[in-house]
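Below is one structure; the comments refer to it alone.
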Amino acid sequence: MPSNRHAKVILPTLTLAVLLTGAACRVVESPPADNGAVVLVVAAAISMSDALQSVVVEYERTSDVSVVVNAAGSDTLATQLIAGAPGDIFLSADTHQMERVERAGLLTPAGPVVLFTNQLAAVVPRDRSFSITKVDDLGLPEVGRIALGDPVSVPAGVYAREYLRAAGLWELLFDKFVPTRNVRAALAAVEAGHADVAFVYRTDVVTSDGVDVAFAVPVESGPAIRYVGAVLMGDHTEEARRFLTFLRGAGGRAFEEAGFVRVDSAAGGLSRQSTGVAGVS
């Protein structure tokens with residue numbers, strides 16, 4: 264078994280210079296295990312990174328596999344994988360980025376499965392001097408800048424775009440939007456005072472002590488958020504399949520504790536008709 268039991272999560276490095284435009288992401292080269300054991304590289308949506316650390320620690324404790332996590336925006340990860348970056352498992356925050364990787368011929372025949380759902384929330388600085396409680400309040404003059412993941416490619420931004428379009432506010436608010444490279448960069452923009460509001464996942468809120476939830480997007484009327492996972496073609500497909508099975512089973516408890524909602528494994532297969540996640544326009 265690997266001697267290092269600490270989850271190895273490669274996260275983007277945030278600086279003020281890249282905060283609003285995005286976060287740099289370090290591409291992981293598969294490192295050798297200390298004792299020759301298999302090393303799995305998991306390319307995971309950054310919103311999953313905190314819960315995934317707990318999963319990795321538990322999995323390494325009970326297996327002879329070491330796991331390295333490359334955490335970034337799902338669109339960034341898909342682009343990296345298509346360009347040849349190492350990876351054994353892809354965990355995406357939407358189906359569109361997974362479909363890009365699938366079209367590139369990188370998935371095993373089993374294809375992707377739906378793992379979890381989530382919920383959008385609008386967050387504001389904890390020390391704010393204004394009050395908003397509903398989506399229509401985003402049009403108030405006190406709200407100058409609204410951070411969200413790039414609405415063309417970042418899943419959280421695409422979901423926010425869908426929601427605001429359905430509410431009839433997308434065009435009205437367009438000049439206020441501050442696109443970011445991923446959802447955690449949008450959260451950081453509010454924490455740092457560079458935005459008045461950010462659209463993030465409900466599960467991101469618990470990672471911050473500098474924001475409050477202004478309002479949550481109702482699950483019934485909001486976009487259907489789907490986290491999907493798949494094994495990538497490579498030398499460790501069997502080990503990767505076992506890790507993904509663990510994530511869908513006992514490992515999923517860490518995600519439930521973080522606020523994700525697990526999708527019943529019996530209905531976990533990816534259905535293009537049932538995901539409810541629109542592609543990018």
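Numbering (our numbering), first residue to last: 264 to 544. Virtual Cβ for every residue (Gly too), placed ideally from N, Cα, C.
C-alpha distance - residue i paired with residue j, whole-angstrom precision
| i | j | result |
| --- | --- | --- |
| Ala286 | Ala307 | Bear in mind that a pLDDT of 38 at Ala286, under 50, signals an unreliable position, so the model cannot answer this. |
| Ala493 | Val376 | 6 Å |
| Phe523 | Val305 | 19 Å |
| Phe462 | Val480 | 10 Å |
| Pro486 | Glu425 | 7 Å |
| Arg516 | Leu378 | 12 Å |
| Trp433 | Val468 | 23 Å |
| Ile309 | Ala334 | 5 Å |
| Glu501 | Pro388 | 45 Å |
| Lys397 | Gly431 | 14 Å |
| Asp413 | Thr325 | 38 Å |
| Ser471 | Ala423 | 20 Å |
| Phe437 | Phe393 | 20 Å |
| Phe478 | Ile395 | 8 Å |
| Leu354 | Val421 | 17 Å |
| Ser484 | Ala429 | 9 Å |
| Arg489 | Tyr464 | 12 Å |
Nonlocal neighbours in the same chain, by C-beta distance under 7 Å from residue i, ignoring five residues either side
| i | result |
| --- | --- |
| Lys439 | Val406, Gly407, Arg408 and Ile409 |
| Asp338 | Gln360, Ser416 and Val417 |
| Thr466 | Ser310, Asn381, Ala521, Gly522 and Phe523 |
| Val482 | Gln382 |
| Val318 | Leu510, Gly514 and Ala517 |
Inter-residue CB distance, residue i and residue j (contact presumed, cutoff 8 Å)
| i | j | result |
| --- | --- | --- |
| Ala583 | Phe506 | Within the shown structure, residues of the chain are numbered from 264 to 544, placing residue 583 beyond reach of any answer. |
| Val446 | Val474 | Val446 to Val474, Cβ: 13 Å. No contact. |
| Leu495 | Leu370 | 6 Å |
| Leu411 | Ala449 | 5 Å |
| Val364 | Ala341 | 5 Å |
| Val491 | Thr358 | 6 Å |
| Ala346 | Asp327 | Incorrect: roughly 30 Å between the Cβ atoms, too far for contact. |
| Leu435 | Gly402 | 6 Å |
| Ser329 | Glu323 | 6 Å |
| Ala419 | Ala356 | 7 Å |
Per-residue DSSP class, three states only, for residue i
| i | result |
| --- | --- |
| Ile545 | The chain is shown only over 264 to 544; residue 545 falls outside these bounds and no answer can be derived. |
| Ala300 | coil |
| Leu378 | strand |
| Ala477 | strand |
| Ala430 | coil |
| Pro404 | coil |
| Ala448 | helix |
| Gly420 | helix |
| Arg389 | coil |
| Phe523 | coil |
| Thr443 | strand |
| Val460 | strand |
| Leu435 | helix |
Same chain, Cβ closer than 6 Å to residue i, neighbours up to 5 away in sequence not counted
| i | result |
| --- | --- |
| Ala458 | Arg408, Ala410, Val441 and Ala452 |
| Asp351 | Leu303, Val304, Leu495, Gly497, His499 and Ala503 |
Own chain, CB closer than 8 Å to residue i, minus 5 neighbours either side, in chain order
| i | result |
| --- | --- |
| Val460 | Ala385, Val386, Val387, Ile395, Leu401, Val406, Arg408, Ile409, Ala410, Val453 and Ala477 |
*Which residue spans inside the segment 296-353 form an unbroken alpha helix (DSSP H) run of at least 4?*
312-324 and 337-345
*Considering only residues of the segment 472-520, which uninterrupted alpha helix (DSSP H) runs meet the minimum length of 4 residues and lie entirely inside it, listed in chain order?*
500-511 and 515-520
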